[in-house]
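Read left to right, the sequence shown gives residues 164 to 315 (my numbering). Before any comments, here is the structure.
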Amino acid sequence: MSVSQRLAELGIELPAVAAPVASYIPAKTHGDLAWTSGQLPFVGGELPQTGKVGGSVSADDAQALARTCALNAIAAAASAVGGVDRLTGVFKVTGFVASDPTFTGQPGVINGASEILGEVFGEAGAHSRAAVGVAALPLDAPVEVEVAFTFA
Numbered sequence: 164m165s166v167s168q169r170l171a172e173l174g175i176e177l178p179a180v181a182a183p184v185a186s187y188i189p190a191k192t193h194g195d196l197a198w199t200s201g202q203l204p205f206v207g208g209e210l211p212q213t214g215k216v217g218g219s220v221s222a223d224d225a226q227a228l229a230r231t232c233a234l235n236a237i238a239a240a241a242s243a244v245g246g247v248d249r250l251t252g253v254f255k256v257t258g259f260v261a262s263d264p265t266f267t268g269q270p271g272v273i274n275g276a277s278e279i280l281g282e283v284f285g286e287a288g289a290h291s292r293a294a295v296g297v298a299a300l301p302l303d304a305p306v307e308v309e310v311a312f313t314f315a
């Protein structure tokens, strides 16, 4: 089953590629990898929530935002490789969580990204990963995710 067919089966329509908020491009290819820049959880060009996880943002809300980041990453990578069906799998995920100083649940938050990538890519969605707590993210976003995809 193609990636586009799987997305349709899941009822997911990919968003438009988010415009960069600084001097970079959304994704770049090298060899058979498409690396995305960090993707914020933009929905329609807006951040649905801001703040620190474990503070004003719950871990459950942040996990949903990480899912949105991953969908934005799929869209960015697809734009770099000439279409979503050229993506063949997920190589690496790096997730950043703007964390209240006492919050230690970063891996659970980034599961939101990992789980949707697994749903979309199946076994080819298995990946290595880092989940990092940080003091702040651009635009006060609670979560940022970058993904390296394989493509053909």
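Glycine included, every Cβ here is placed at the ideal spot set by N, Cα and C.
Which same chain residues end up closer than 7 Å to residue i when comparing Cβ atoms and leaving out the 5 residues on each side of it in sequence?
i: S190; result: In the sequence under discussion, the amino acid at residue 190 is Ala, which differs from the Ser named in the question. Hits under 7 Å: A197, W198, T199, S200, A239, A240, S242 and A243.
i: A227; result: G275
i: L210; result: L203, P204, L302 and A304
i: F254; result: L196, H290, A311, F312 and T313
i: E212; result: In the sequence under discussion, the amino acid at residue 212 is Gln, which differs from the Glu named in the question. Within the same chain, Q212 has close Cβ partners V220, D224, L228 and P305.
Residue i by DSSP, collapsed to three states: which one?
i: T231; result: helix
i: S262; result: strand
i: G296; result: strand
i: A287; result: helix
i: A311; result: strand
Return the chain-ordered list of same chain residues with a C-beta closer than 8 Å to the C-beta of residue i, the five sequence neighbours on each side being excluded.
i: E172; result: M164
i: F314; result: T192, D195, L196, A197, A240, V244, R249, L250 and T251
i: A222; result: V216, F266, G268, G271 and V272
Our contact map puts residue i next to residue j with C-beta atoms below 8 Å; I'd like the distance itself, whole angstroms only.
i: V308; j: V256; result: 6 Å
i: V306; j: A225; result: 5 Å
i: F266; j: V206; result: Wrong, their Cβ atoms sit about 23 Å apart, outside the cutoff.
i: T273; j: V260; result: As written in the sequence, residue 273 is Ile, which differs from the Thr given in the question. The Cβ separation is near 7 Å, so the contact holds.
What does the Cβ neighbour count give for residue i, buried or exposed, with the cut at 16 atoms within 10 Å?
i: V295; result: exposed
i: H193; result: exposed
i: T258; result: Per the sequence shown, the amino acid found at residue 258 is Gly instead of Thr. The residue is buried, with at least 16 neighbouring Cβ atoms inside 10 Å.
Take residue i and list the residues in its own chain whose beta-carbon comes closer than 6 Å to its own, dropping the five residues that flank it on each side.
i: P270; result: A294
i: L170; result: none
i: Y120; result: Nothing can be reported for residue 120, as the shown portion of the chain is limited to 164 through 315.
Quiz item: Considering only residues of the segment 169-257, which uninterrupted alpha helix (DSSP H) runs meet the minimum length of 4 residues and lie entirely inside it, listed in chain order?
Solution: 222-244
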